[in-house]
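Here's the structure, in structure tokens; my notes come after.
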Amino acid sequence: MLKASADREALCRRLPQIGRLLTDPAMGRLLTLCPRNLVVEAARRVLASLREEILRGALHDEALDLRLETLARSIAEELQRMSHPSLRRVINATGVILQTNLGRAPLSEAAIRNIEQVARGYSNLELNLETGRRGRRDVHAERLVLRLLGARGAAVTDCEHAAMVVNNCAAATFLALNTLAEGGEVIVSRGELVEIGGGFRIPDILRKSGATLREVGTTNRTRIADYAKAITPETRLILRVHRSNFRIDGFTEQPSLEELVALGQQAALPVFEDQGTGCVLRLEDVGLRQESNWIRSVGSGVSLVASSGDKLLGGPQCGLLVGQRAILERLRTNPLARAFRPGKLTYAALEATLLAYLADQEDTLPAIRMMRMHRSELRRRCEALAARLETSALEAEVVAVRSVVGGGTTPGATLAGSAVALRYPAMSEEALMKSLRSLDPPVIARTRRGRVLLDLRTVFPEEDAVLASALATMEAPA
Ligand SMILES: *Cc1c(COP(=O)(O)O)cnc(C)c1O
-7 MLKASADREA LCRRLPQIGR LLTDPAMGRL LTLCPRNLVV EAARRVLASL
43 REEILRGALH DEALDLRLET LARSIAEELQ RMSHPSLRRV INATGVILQT
93 NLGRAPLSEA AIRNIEQVAR GYSNLELNLE TGRRGRRDVH AERLVLRLLG
143 ARGAAVTDCE HAAMVVNNCA AATFLALNTL AEGGEVIVSR GELVEIGGGF
193 RIPDILRKSG ATLREVGTTN RTRIADYAKA ITPETRLILR VHRSNFRIDG
243 FTEQPSLEEL VALGQQAALP VFEDQGTGCV LRLEDVGLRQ ESNWIRSVGS
293 GVSLVASSGD KLLGGPQCGL LVGQRAILER LRTNPLARAF RPGKLTYAAL
343 EATLLAYLAD QEDTLPAIRM MRMHRSELRR RCEALAARLE TSALEAEVVA
393 VRSVVGGGTT PGATLAGSAV ALRYPAMSEE ALMKSLRSLD PPVIARTRRG
443 RVLLDLRTVF PEEDAVLASA LATMEAPA
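Residue numbers (my numbering): -7 to 470.
Right, here's the structure in full:
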């Protein structure tokens, strides 16, 4: 033990001093390209990681020789990493279309172009071009939201309805509860006291909004009479939360939105639905069961509906609030609305996304295209990728898979497709996943029964070649 630690100390002494290292001719070129302090920082990091490997016992004499010979290259690579933003593009080969960890919905070309236009210069974000006076930023998306909902069959009119945009659906829900129910009671079914993910729990949000929770019914069954019985002079709001990320099957009962609306009218109480998905499509068309739908929710006559912009709508991250004009007026004048307002780039992307639906061009939205991608097309792409990997060190085989839409949108429902199953001789699936993440661009995959799956449903077809080249650079393990 003592000897081993003395050996390791001796190896550490072979690491060069920074000052001497910088006089090395190979480093001279780096110093002409980058500021000296950055080169010093990169060299420190590389040396520190070598020292750590030596002390861990992971580097012996010969391996260290090799690493010292290629030191300048390692420092150049570290410099490259240091000059990258930490947020960067990755290839999503998980098959999960709306993966929150990977940024949910990719934007359409039109949305990206519109962001570019607005970002590059000034815009009429809060300027009414007709009057020349100060305008409201959310008028931009409001008109299109109402037109889209109307065009797809929800009974909305410009004089009765209004819409506004906030940073995300969590903010939308919080703003609604705070505005409509602070200091009073909110009635909600025990079956809907859910955690949406990322720590968004309905009971916590309710408490923070200043409202008191009034739970009714049971986890699996809640009747309209349970709501009616719970109404007191303290009641401010009836809340419905869409169970977006799980399903309750079997002996269940839940009143329809229409029943809640009728009760709300009788008792002169607003009804608010946290709908979540913002789905405008008929999911049955791609073989998925329809759980909830933005159009149907707004059309049911509830006072207010909150949805996400970057789930099934396929747009930018934002929260969309649609409902009765008088209620939206109250939300807008809540001082919190100012804290939740999105930036101009969000409006730019959202308007372009809404316009795609209005032009019946939703296939220009990547999330929709991925959902609709036919299994035969996926199989063909997987076969082409597997063929390109034949000469590489990877073993690749095309297998049938089912993928999920994700983002807490269609619990339990899957889409049939294909994936390339990878194996690397003498490498665990975790190690292979890690190697894939270290590629440029990083590749994010999923595992199944000891193999790593590349599900091409979420890989853009134009990324297939990039993916194949990145995989081909993987060398056989020593
Ligand atoms: C996803 C979801 C949320 C949270 O939406 P964000 O836009 O991520 O804040 C809230 N409620 C429901 C029902 C959801 O499905």
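We put the CB at the ideal spot given by N, CA and C, even for glycine. Please read these numbers as outputs of a predicted model, since none were measured by experiment.
Q | Contact test: Asp266 Cβ vs ligand 1 heavy atom, cutoff 6 Å | A | Numbered from 1 along the sequence shown, position 274 holds the residue referred to as residue 266. Flag set: Cβ of Asp266 near ligand 1.
**Q.** Distance, Arg324 Cα to Lys303 Cα
**A.** Within the sequence shown, residue 303 is the residue found at index 311, counting from 1. Within the sequence shown, residue 324 is the residue found at index 332, counting from 1. Looking at the two C-alpha atoms, the distance is approximately 24 Å.
Q. Who does Thr383 pair with in a DSSP beta bridge?
A. Your numbering for residue 383 matches position 391 in the sequence shown. Thr383 is not bridged to any residue.
Q) Quick one: Cα of Ala413 to Cα of Gly95, how far? A) In the sequence shown, counting from the first residue as 1, residue 413 sits at position 421. In the sequence shown, counting from the first residue as 1, residue 95 sits at position 103. If I take the Cα positions, the gap works out to 24 Å.
Q: Measuring alpha carbon to alpha carbon, tell me which of Val233, Ala376, Leu117 and Ile287 ends up nearest Ala146.
A: Counted from its first residue, the sequence shown places residue 146 at position 154. Measuring from the Cα of Ala146, the nearest candidate turns out to be Ile287.
Q | Per DSSP, cross-strand counterpart(s) of Glu245 | A | The residue given as residue 245 occupies position 253 in the sequence shown. Arg213.
Q | Same chain, Cβ closer than 7 Å to Val137, five either side skipped, listed in chain order | A | Counting from one through the sequence shown, the residue named residue 137 turns up at place 145. Here the set comprises Ala155, Leu312, Val314 and Leu346.
Q: Put Glu187 into one of helix, strand or coil per three-state DSSP.
A: Position 195 of the sequence shown holds residue 187. In the structure shown, Glu187 sits in a strand (DSSP, three-state: E or B).
Q: Have a look at Gln257, Ala85 and Glu184 and flag the residue whose alpha-carbon is nearest the alpha-carbon of Leu377.
A: Along the sequence shown, one-based indexing puts residue 377 at 385. Of the listed residues, the one whose Cα sits closest to Leu377 is Ala85.
(Q) Given this structure, state the Cα-to-Cα distance separating Gln257 from Arg228, to the nearest angstrom. (A) Here residue 257 corresponds to residue number 265 of the sequence shown, with the count starting at 1. Here residue 228 corresponds to residue number 236 of the sequence shown, with the count starting at 1. Each residue's alpha carbon lies about 13 Å from the other.
Q. From His153, Leu337, Val38 and Ala462, pick the residue whose C-alpha is nearest to that of Val290; which is it?
A. Translated into the one-based positions of the sequence shown, residue 290 becomes position 298. Taking only the C-alpha atoms, the option nearest Val290 is His153.
Q. Nearest CA to the CA of Ala173: which residue from Ser201, Asp150, Ile188 and Val158?
A. Within the sequence shown, the letter at position 181 stands for residue 173. Here the closest residue by C-alpha is Ser201.
(Q) Given this structure, state the Cα-to-Cα distance separating Ala411 from Arg28, to the nearest angstrom. (A) If you number the sequence shown from 1, residue 411 lands on position 419. If you number the sequence shown from 1, residue 28 lands on position 36. So the two alpha carbons sit approximately 46 Å from each other.
Q) Residues in its own chain within less than 7 Å of Leu13 by CB, not counting five upstream and five downstream? A) As a working note, residue 13 is residue 21 in the sequence shown. Once the five neighbours on either side are set aside, the close Cβ partners of Leu13 are Met19 and Ala35.
Q. Between Ala344 and Leu117, what straight-line distance do the alpha-carbon atoms span, to the nearest angstrom?
A. The count along the sequence shown starts at 1 and reaches residue 344 at position 352. The count along the sequence shown starts at 1 and reaches residue 117 at position 125. Approximately 15 Å, taken between the alpha carbons.
Q. Rounded to a whole number of angstroms, what is the C-alpha to C-alpha distance between Val88 and Met363?
A. Translated into positions along the sequence shown, residue 88 becomes position 96. Translated into positions along the sequence shown, residue 363 becomes position 371. The alpha-carbon atoms of Val88 and Met363 are separated by roughly 10 Å.
(Q) For the alpha helix (DSSP H) containing Arg415, name the first residue and the last one. (A) Locating residue 415 in the sequence shown gives position 423, where the first residue counts as 1. It is not in any alpha helix (DSSP H) - Arg415 instead sits in the beta strand (DSSP E) that spans Thr406 to Arg415.
Q) So who's on the other strand from Ser181, going by DSSP bridges? A) Indexing the sequence shown from 1 puts residue 181 at position 189. Its beta-bridge partners are Val208.
Q: With DSSP as the reference, label Ala55 as helix, strand or coil.
A: As a working mapping, residue 55 is identified with position 63 in the sequence shown. Looking at Ala55 - three-state DSSP - the assignment turns out to be helix.
Q | Per-residue burial, Ser41 [other beta carbons within 10 Å of its own, 16 or more giving buried] | A | On the sequence shown, residue 41 is found 49 positions in, with the first residue counted as 1. By the 10 Å Cβ count, Ser41 comes out exposed.
Q | Contact set for Asp456: own chain, Cβ-Cβ below 8 Å, skip 5 residues either direction | A | Sequence index remark: in the sequence shown, residue 456 carries index 464 (1-based). The answer, listed in chain order, is Arg373, Ala376, Leu377 and Leu448.
Q: Helix, strand or coil for Glu265, going by three-state DSSP, please let me know.
A: Here residue 265 refers to the residue found at position 273 when the sequence shown is read from its first residue. In this structure, Glu265 counts as strand in the three-state DSSP scheme.
Q. Secondary structure at Asn84, three-state DSSP: helix, strand or coil?
A. Residue 84 sits at position 92 when you count from the first residue of the sequence shown. It is a strand residue.
**Q.** Selected residue, minimal CA-CA separation from Arg129, among Leu140, Gln282 and Ser115
**A.** In the sequence shown, counting from the first residue as 1, residue 129 sits at position 137. The residue with the shortest Cα to Cα distance from Arg129 is Ser115.
Q) Where do the ends of the beta strand (DSSP E) carrying Ser41 lie? A) Position 49 of the sequence shown, counting from 1, holds the residue named residue 41. Element bounds for Ser41: not the beta strand (DSSP E) but the alpha helix (DSSP H), Arg28 to Leu47.
(Q) For Ala331, report the span of its alpha helix (DSSP H) as first-last. (A) Position 339 of the sequence shown, counted from the start, is the residue given in the question as residue 331. Ala331 -> alpha helix (DSSP H) spans Leu328 to Ala331.
Q.
So within the region 302 to 329, which uninterrupted alpha helix (DSSP H) runs reach at least 4 residues, ignoring any that extend past its ends?
A. 317 to 325
Q: Please name the residue, chosen from Ser299, Arg213, Glu134 and Ala254, that lies closest to Phe243 on a Cα-to-Cα basis.
A: Mapped onto the sequence shown, residue 243 falls at position 251. The option with the nearest alpha carbon to Phe243 is Arg213.
Q. By how many angstroms is the C-alpha of His132 removed from the C-alpha of Glu321?
A. On the sequence shown, residue 321 is found 329 positions in, with the first residue counted as 1. On the sequence shown, residue 132 is found 140 positions in, with the first residue counted as 1. Spanning the two alpha carbons is a distance of roughly 16 Å.
Q. Can you round the beta-carbon distance between Ser295 and Gln267 to whole angstroms, since I take them to be within the 8 Å contact cut?
A. Numbered from 1 along the sequence shown, position 303 holds the residue referred to as residue 295. Numbered from 1 along the sequence shown, position 275 holds the residue referred to as residue 267. In fact, because the Cβ distance is near 13 Å, the residues do not count as touching under 8 Å.
Q) What are the boundary residues of the alpha helix (DSSP H) that Arg197 is part of? A) Taking the sequence shown and counting its residues from 1, the one referred to as residue 197 is at position 205. Per the sequence shown, the amino acid found at residue 197 is Ile instead of Arg. Per DSSP, Ile197 belongs to the alpha helix (DSSP H) from Ile194 to Lys200.
Q: Run the proximity test for Cys271: is its beta-carbon closer than 6 Å to any non-hydrogen atom belonging to ligand 2?
A: Because ligand 2 does not appear in the structure shown, any question about it cannot be addressed here, the ligands present being ligand 1.
Q) Which of helix, strand or coil does DSSP assign to Ser395? A) In the sequence shown, counting from the first residue as 1, residue 395 sits at position 403. It is a strand residue.
Q.
Which residue wins for smallest C-alpha separation from Cys471, given the options Arg367, Gly142, Leu30 and Arg193?
A. The displayed coordinates of the chain run from -7 to 470. Any statement about residue 471 would go beyond what the structure contains.
(Q) ligand 1 and Ala155: does any heavy atom of the ligand fall closer than 6 Å to the residue's C-beta? (A) What you label residue 155 is simply residue 163 of the sequence shown in a count that begins at 1. Flag unset: Cβ of Ala155 not near ligand 1.
Q: May I ask whether a heavy atom of ligand 1 can be found less than 6 Å away from the beta carbon of His234?
A: Position 242 of the sequence shown, counted from the first residue, corresponds to residue 234. Because some heavy atom of ligand 1 lies under 6 Å away, the Cβ of His234 counts as near it: yes.
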